[in-house]
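Structure first, commentary second.
In my numbering, the protein residues as written are 50 to 356.
This is how it looks when you write it as structure tokens:
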């Protein structure tokens, strides 16, 4: 049959002598037998179907890339040795470097967080077209996408969403889940717009400033870089009066429609107006994805809440 190696779990070690005798009895040349240690869960128990997904198909259905799964499985109980800290391997590299002698005898821990990280590294490397191809089947299963308007289902719009999401995406089954505000109307309490102890007038003023800044950017110039540049210029280069806003971007620019209190005074209410969420991508990214018209509408809706 041309079989040169039989690689299987360590539970087959006890029957190996019988298999070798069968080969001899049939007059066949015996293959090389190698036995791998058991796969263990994070609590060091033998991995089994009772603990959840264990089949490769299960992980593919959840949006893990085949290349990432191969990479992850290859690293279970093996490493290239020689002090290597490399964890991401192409198929060609695995073929070149893999040696049975470097497989560990101790049980290998199947850590789903490690698989998530490896898969995330592969997602980051995908082109826009590859991102769409892999993500679209998962979008089409989600209610927030199914109910979204047609303009939020275009290829260009989805590419923007995925450009923002891919840096934090572990698997394609998660697309859009943390950023549903890109696809549906938002609702929130108006107090969420307030940055720390800012007054009503200060909050409205910040929203008006954000509106003015974005209005001055033409549709043709509506790029992530331009939006960030103009908003940071308006926010000024001083730290916010009370604290630092969540996920505040680095760098700032002076001039323009400067807000006296600092970046948080402008960027926090803008973030909330655009997303209705305390955890989200930066307000620059959100405005870029939503587009000029939708961003303006959401800011105006936020201003109206204070009247």
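Cβ atoms here follow ideal geometry from the backbone N, Cα and C, with glycine treated the same way.
(request) Taking all protein chains shown into account, decide if residue 262 is buried (16 or more other Cβ within 10 angstroms of its Cβ) or exposed. (result) Residue 262 is buried by the Cβ-count criterion.
(request) With a threshold of 16 other CB atoms inside 10 Å of the CB of residue 272, please say whether the residue is buried or exposed. (result) Per the 10 Å Cβ criterion, exposed.
(request) In angstroms with no decimal places, state the Cα-to-Cα distance between residue 347 and residue 233. (result) The straight-line gap from Cα to Cα measures roughly 12 angstroms.
(request) On the DSSP bridge assignment, give the partners of residue 95 in chain order. (result) Residue 95 pairs with 89.
(message) Please classify residue 140 as buried or exposed, where buried requires at least 16 other C-beta atoms within 10 Å of its C-beta.
(response) The residue is exposed, with fewer than 16 neighbouring Cβ atoms inside 10 Å.
(request) Return the CA-CA distance between residue 197 and residue 218, expressed in angstroms with no decimal places. (result) C-alpha of residue 197 to C-alpha of residue 218: approximately 21 angstroms in a straight line.
(request) May I ask which residues mark the beginning and end of the beta strand (DSSP E) holding residue 55? (result) DSSP places residue 55 inside the beta strand (DSSP E), whose first and last residues are 54-58.
(request) Between the Cα of residue 151 and those of 175, 172, 123, spot the shortest distance and give me the residue it belongs to. (result) Ranking 175, 172, 123 by Cα distance to residue 151 puts 123 first.
(request) For the alpha helix (DSSP H) containing residue 51, list its first residue and its last residue. (result) Residue 51 -> no alpha helix (DSSP H), and no H or E assigned at all.
(message) Could you tell me which whole alpha helix (DSSP H) segments of length 4 or greater appear in the segment 126-203?
(response) Secondary structure within the segment 126-203: the alpha helix (DSSP H) runs of 4 or more consecutive residues, fully enclosed, are 140-146, 161-173, 177-188, 192-195 (chain order).
(request) In angstroms with no decimal places, state the Cα-to-Cα distance between residue 4 and residue 275. (result) Because the chain is modelled from 50 through 356, residue 4 falls outside the range shown and cannot be assessed.
(request) From the DSSP output, in three-state form, read off residue 232 for me. (result) It is coil, neither helix nor strand.
(message) Which residues does DSSP list as the beta-bridge partners of residue 82?
(response) Its beta-bridge partners are 55.
(request) Check each candidate in 112, 210, 207 and name the one with the smallest Cα separation from residue 164. (result) The residue from 112, 210, 207 with its alpha-carbon nearest to that of residue 164 is 112.
(message) As a quick exercise: from 202, 136, 157, 191, pick the residue whose alpha carbon is nearest that of residue 171.
(response) Checked all of 202, 136, 157, 191; the closest Cα to residue 171 is 136.
(message) Can you find the residues in the same chain that come closer than 7 angstroms, C-beta to C-beta, to residue 144, ignoring five residues on each side of it along the sequence?
(response) There are no such residues.
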